[in-house]
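Residue numbers (this note's numbering): 57 to 213.
Yeah, the Cβ is synthetic: ideal placement off N, Cα and C, and Gly gets one too.
Reading through the structure tokens given below for one structure.
Okay, structure coming up:
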């Protein structure tokens with residue numbers, strides 16, 4: 057598994073980047089819109105936390121700004137009918153903390169705001185994942201998370 061890629065940002069587009077590593081290998085990573093918004097200028101150093109999806113016909117590397125975002129992506133893949141493209145779409149439309157909140161609160165309406173997610177798909181995702189998502193406490197920073205290990209754990213921030 058390729059867990060992280062660090063290097064110079066060679067190319068950036070809305071849905072993908074190419075990162076040139078010091079060893080001279082360029083990695084193409086598919087990314088959610090939230091990652092694109094936080095990317096530095098081309099030529100600058102960037103680190104993405106990655107998930108490698110291997111299929112019969114292709115290997116795809118998905119890149120995320122934070123390990124937590126990658127973790128939510130990987131959890132989404134555990135839902136029936138959710139592949140990497142849809143999981144990436146969900147994280148492009150909703151922040152990771154909003155996805156977790158929607159799943160824990162069984163909020164079908166929020167998930168239905170994602171393109172290609174109708175009522176039945178949203179209900180299936182909630183059915184499959186609602187009990188598997190640990191509660192999340194968010195700080196003021198968009199990407200600052202404290203994940204509580206067990207339900208019912210209280211935290212003082």
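Checklist entry - Would residue 128 pass as a contact of residue 145 if the rule is Cβ separation under 8 Å? => result no
Item to check | Identity of the residues DSSP links to residue 104 by a beta bridge | outcome: As computed with DSSP, residue 104 is found in a beta bridge with 61.
Checklist entry - If you draw a straight line from the alpha carbon of residue 104 to that of residue 165, how long is it in whole angstroms? => result 31 Å
Checklist entry - DSSP on residue 99, reduced to helix/strand/coil? => result coil
Item to check | Boundaries of the beta strand (DSSP E) in which residue 167 is found, first to last residue | outcome: Looking at the DSSP string, residue 167 is not in any beta strand (DSSP E); the run it does join, the alpha helix (DSSP H), is 164-168.
Checklist entry - Is the distance from the Cβ of residue 106 to the Cβ of residue 143 below 8 Å? => result No, these two residues do not count as a Cβ contact at 8 Å.
Checklist entry - Cα-Cα, which of 151, 152, 160, 120 is closest to residue 61? => result 120
Checklist entry - DSSP puts residue 137 in a beta bridge; with which residues? => result DSSP lists no partner for residue 137.
Item to check | Cut-off 7 Å between Cβ atoms - residues of its own chain near residue 108, not counting five sequence neighbours on either side | outcome: 57, 58, 115, 117
Item to check | residue 183 classed as buried or exposed, judged by whether at least 16 other C-beta atoms fall within 10 angstroms | outcome: exposed
Next on the checklist: Just to confirm the assignment, what range does the alpha helix (DSSP H) spanning residue 117 have?
Outcome noted: That residue, residue 117, is in no alpha helix (DSSP H); its beta strand (DSSP E) goes 115-120.
Next on the checklist: Nearest by alpha-carbon distance to residue 131: which of 186, 81, 149, 173 is it?
Outcome noted: 186
Item to check | Start and end residues, alpha helix (DSSP H) containing residue 82 | outcome: Note, residue 82: premise wrong, no alpha helix (DSSP H); beta strand (DSSP E) at 82-86.
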